[in-house]
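Below is one structure, written out as structure tokens; the observations come after it.
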Amino acid sequence: MGIAVNGIEVSDLAIEQELPHHQDAANPLKQAVHEVVLRQVLLQEADRLGITGETDDARVEALFEREVKVPEVDEAACRRYYQSQIERFSSGALVEARHILFQVTPTVQLDLVRSTAELILAELQANPDRFDELARQYSNCPSGAVGGNLGQLARGQCVPEFEQLLFRMAPGELAGRLLETRFGLHIVQAMRRIEGEALPFEAVQAQISDELQRQSWQRALHQYLHILVGQADIEGVELEGADSPLVQ
Numbered sequence: 001m002g003i004a005v006n007g008i009e010v011s012d013l014a015i016e017q018e019l020p021h022h023q024d025a026a027n028p029l030k031q032a033v034h035e036v037v038l039r040q041v042l043l044q045e046a047d048r049l050g051i052t053g054e055t056d057d058a059r060v061e062a063l064f065e066r067e068v069k070v071p072e073v074d075e076a077a078c079r080r081y082y083q084s085q086i087e088r089f090s091s092g093a094l095v096e097a098r099h100i101l102f103q104v105t106p107t108v109q110l111d112l113v114r115s116t117a118e119l120i121l122a123e124l125q126a127n128p129d130r131f132d133e134l135a136r137q138y139s140n141c142p143s144g145a146v147g148g149n150l151g152q153l154a155r156g157q158c159v160p161e162f163e164q165l166l167f168r169m170a171p172g173e174l175a176g177r178l179l180e181t182r183f184g185l186h187i188v189q190a191m192r193r194i195e196g197e198a199l200p201f202e203a204v205q206a207q208i209s210d211e212l213q214r215q216s217w218q219r220a221l222h223q224y225l226h227i228l229v230g231q232a233d234i235e236g237v238e239l240e241g242a243d244s245p246l247v248q
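Listed below in structure tokens is the structure:
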């Protein structure tokens, strides 16, 4: 493929061997090429620094351990994160909700579905008492048979975009816009809300510290890879240092 790193050619065989690991990527071949090239950059840097290991993976890990330094997360940083994300560290929060689902399928025109959904939403904004009736008539969800009632939902029980909207709503509030998820378009109403109890900081401090440490590591690793890639003479492909599963 005419790809080289600092004058050393990257073989087609290496890319072919890497390709099966990236079949879920949007562009498997591109991802495989980037992975092989980035690994070559790292192994050459390990050679330059005299870093050895039983396998290439061991040498890369040793390189990271030596060159990527991340300060320990202190208690003050953990407490700030805890206060800013207090809802995440609460237990037992529940929201009773109902919805009307307008399912989108390959055989249905999205514009037509959206127009219908917007008309129903406008009707509910003017006449909220019709929710039960209209859910039974229009919803493509089994909950339509009970007026769209989904019961009490806790965090993690529905898709993220539905959860994010629902847990921001006040009791009785009808969302003023359609919510789009992989299931289709939703009209959403929050009914009763049961507030959760915040877990004490001490109970989640270790979890927060691990999460912040991991975020710091990923930032430092991205920066290190960008520097290495910027210094390398790479021919035949444009490569960004962070575009690799190595830094996920």
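FYI, in the UniProt record's numbering the residues of the sequence shown are 1 to 248.
All C-beta atoms in this analysis are idealised placements derived from N, C-alpha and C, irrespective of residue type, glycine included.
Integer Cβ distance of residue i from residue j, believed to fall under 8 Å
i: Val37; j: Val5; result: 6 Å
i: Ala154; j: Ala93; result: 7 Å
i: Ile15; j: Gly236; result: Wrong, their Cβ atoms sit about 11 Å apart, outside the cutoff.
i: Phe162; j: Leu179; result: 6 Å
i: Gln40; j: Val60; result: No, Gln40 and Val60 are not in contact; Cβ-Cβ is about 11 Å, not under 8 Å.
i: Gln17; j: Ala25; result: At roughly 16 Å, the Cβ-Cβ gap does not stay under 8 Å, so Gln17 and Ala25 are not in contact.
i: Leu29; j: Leu63; result: Not really, about 26 Å apart at Cβ, beyond 8 Å.
i: Phe89; j: Leu199; result: 5 Å
Distance, residue j Cα to residue i Cα
i: Glu65; j: Ser91; result: 37 Å
i: Gln152; j: Ala190; result: 10 Å
i: Glu112; j: Glu133; result: The sequence as given places Leu at residue 112; Glu does not occur at that position. If you take the alpha carbons of Leu112 and Glu133, they lie about 21 Å apart.
i: Gln85; j: Thr52; result: 42 Å
i: Pro106; j: Gly184; result: 11 Å
i: Leu19; j: Ile120; result: 48 Å
i: Gly196; j: Gln157; result: 15 Å
i: Gln213; j: Phe102; result: 42 Å
i: Phe131; j: Ser209; result: 45 Å
i: His22; j: Ala126; result: 51 Å
i: Pro160; j: Asp233; result: 42 Å
i: Gln164; j: Arg192; result: 16 Å
i: Val108; j: Glu35; result: 40 Å
i: Leu124; j: Ile194; result: 25 Å
i: Val146; j: Gln137; result: 11 Å
i: Glu45; j: Glu211; result: 29 Å
i: Gly50; j: Glu72; result: 27 Å
i: Ser115; j: Gln83; result: 41 Å
i: Cys141; j: Ala117; result: 14 Å
i: Gly176; j: Leu150; result: 19 Å
i: His186; j: Asn27; result: 32 Å
Exposure label - residue i; buried when at least 16 CB within 10 Å
i: Ile227; result: exposed
i: Leu239; result: buried
i: Val188; result: buried
i: Gly148; result: buried
i: Gly144; result: buried
i: Gln215; result: exposed
i: Val104; result: buried
i: Ser139; result: buried
i: Glu87; result: exposed
i: Arg182; result: exposed
i: Val229; result: buried
i: Arg48; result: exposed
i: Leu225; result: buried
i: Ala122; result: exposed
i: Ala58; result: exposed
i: Ile8; result: exposed
i: Ala54; result: According to the sequence displayed, residue 54 carries Glu and not Ala. Classification for Glu54: exposed.
i: Glu75; result: exposed
i: Gln231; result: exposed
i: Leu110; result: exposed
Opposing strand residues paired with residue i [DSSP bridges]
i: Gly151; result: Ala97
i: Ser90; result: Ala198
i: Thr116; result: Paired residues: none, contrary to the question.
i: Ala190; result: Ala97
i: Gln103; result: Gly184
i: Val5; result: Ile8, Ile234
i: Leu179; result: His186
i: Leu174; result: Gln189
Any non-hydrogen atom of the ligand ATP within 7 Å of residue i CB
i: Ala14; result: This structure does not include the ligand ATP; it has no bound ligands of any sort.
- Task: Check whether the segment 92-100 touches the segment 160-175, counting contact only when three or more Cβ pairs, one atom from each stretch, lie closer than 8 Å.
- Result: Short answer: they touch.
- Message: Using a Cβ distance threshold of 8 Å, determine whether the segment 214-229 contacts the segment 66-74, with at least three qualifying pairs required.
- Response: yes
- Message: Whether or not the segment 197-210 and the segment 76-86 are in contact is what I'm after, with contact meaning three or more pairs of Cβ atoms, one per stretch, closer than 8 Å; do they touch?
- Response: yes
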